[in-house]
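Participant: Input: one structure, supplied below.
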Amino acid sequence: MTKRNIVFAFLIVLLTLAACGRNSETEQEARSSQTSEEEQPSGMAEPERITVQHILIGFEGSIPGKSITRTHEEAEELAKAVLQRAQAGEDFDALVKQYTDDSHPGIYKMTNFGVAADQTERVFSRSGMVKAFGDVGFSLAVGDIGMTSHDPEASRYGWHIIKRIE
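The working numbering numbers the first residue of the sequence shown as 81 and each following residue consecutively.
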């Protein structure tokens, strides 16, 4: 092998190593970006703590210890109607009193992932709540109202109509 061929082979190895380094950095950036988007779907940083008030609309058999007679379909229709009323500006607390299958006032304080909760102060960890409840609650701006859909995994008790109050 000539000196020229050795230098050429050496350059190819260096270029290959440099390309591999760039690819791993690019892959790392992509993974980091993907993780950020999964944690913060709106692109904005989520708050450490929130306070929400909610209306739970359950259906027969969805909430242990509750005697709810409405069907799954009736619960979904009711939840959509109550959400529309709340978003139209009706008194949310009055809607909670009238419709919730949870207890009034239905106010919960939550901490985000990685932030310590204090249950003695009735502050709950997002990871300890129903997944969809935390996902919707943390995605809302103060004063906004949103709703979870019933999902056996993410929102097993029915529909939560959630208003962020702090």
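Beta carbons are placed, not taken as given, at the ideal position from N, Cα and C, and that holds for glycine.
Quantities reported herein were computed from a predicted structural model and do not represent experimental measurements.
#1: Go ahead and pull the three-state DSSP assignment for threonine 106.
#2: Assuming arginine 206 contacts threonine 191 under a Cβ cut-off of 8 Å, what Cβ separation, rounded to an integer in Å, is found between them?
#3: Have a look at the DSSP bridge pairing and note the partners of histidine 184.
#4: Per the contact definition of three or more C-beta pairs closer than 8 Å, is the segment 228 to 245 in contact with the segment 149 to 160?
#5: State the Cα-Cα distance for the pair methionine 209 and aspartate 198, rounded to the nearest angstrom.
#6: Alpha carbon to alpha carbon, what distance is there between proline 232 and glycine 226?
#7: Contact check, glycine 186 vs histidine 134 under 8 Å by CB: the rounded distance?
#8: Going by C-alpha distance, which of Ser229, Ile130, Ile137 is nearest histidine 184?
#9: Whose C-alpha, out of Ala196, Val176, Glu140, Gln178, is nearest the C-alpha of histidine 152?
#10: Please specify which runs of the beta strand (DSSP E), each continuous and at least 3 residues long, are wholly inside the segment 139 to 194, giving them in chain order.
#11: Is isoleucine 241 near the ligand SAM, going by C-beta to nearest heavy atom under 7 Å?
#12: What would DSSP say about isoleucine 245, mapped onto helix, strand or coil?
#13: Which residue or residues does DSSP assign as beta-bridge partners of glutamine 133?
#14: On the three-state DSSP scale, how would you describe valine 203?
#15: Taking all protein chains shown into account, do 16 or more other C-beta atoms lie within 10 angstroms of the C-beta of phenylalanine 193, making it buried, or fewer, making it exposed?
#16: Checking 8 Å against the spacing of the C-beta atoms, do isoleucine 245 and valine 216 come in under that value?
#17: With H, G and I counted as helix, E and B as strand and the rest as coil, what does DSSP make of serine 229?
Facilitator: Judging by the given coordinates:
#1: Residue placement at threonine 106 is poorly supported in this model, since its pLDDT is 35, which falls under 50; the coordinates are not used for a value here.
#2: Right, their Cβ atoms sit about 6 Å apart.
#3: Histidine 184 is not bridged to any residue.
#4: As far as the Cβ criterion goes, the segment 149 to 160 touches the segment 228 to 245, which means the pair count is three or higher.
#5: Approximately 14 Å between the Cα atoms of the pair.
#6: Rounded to whole angstroms, glycine 226 to proline 232 spans 19 Å at the Cα level.
#7: Glycine 186 to histidine 134, Cβ: 5 Å. Contact.
#8: In terms of Cα proximity to histidine 184, the closest of Ser229, Ile130, Ile137 is Ile137.
#9: For the residues Ala196, Val176, Glu140, Gln178, the minimum Cα distance to histidine 152 belongs to Glu140.
#10: 187 to 191, all fully within the segment 139 to 194.
#11: With respect to the ligand SAM, the structure shown offers nothing to examine, as it has no ligands at all.
#12: Judged by DSSP in its simplified three-state form, isoleucine 245 adopts coil rather than helix or strand.
#13: Its beta-bridge partners are Ile187, Lys243.
#14: Note: valine 203 maps to strand in three-state DSSP.
#15: Exposed, since its Cβ has fewer than 16 Cβ neighbours within 10 Å.
#16: In this structure, isoleucine 245 lies away from valine 216, with their beta-carbon atoms at least 8 Å apart.
#17: In this structure, DSSP gives serine 229 a state outside helix and strand, which the three-state scheme calls coil.
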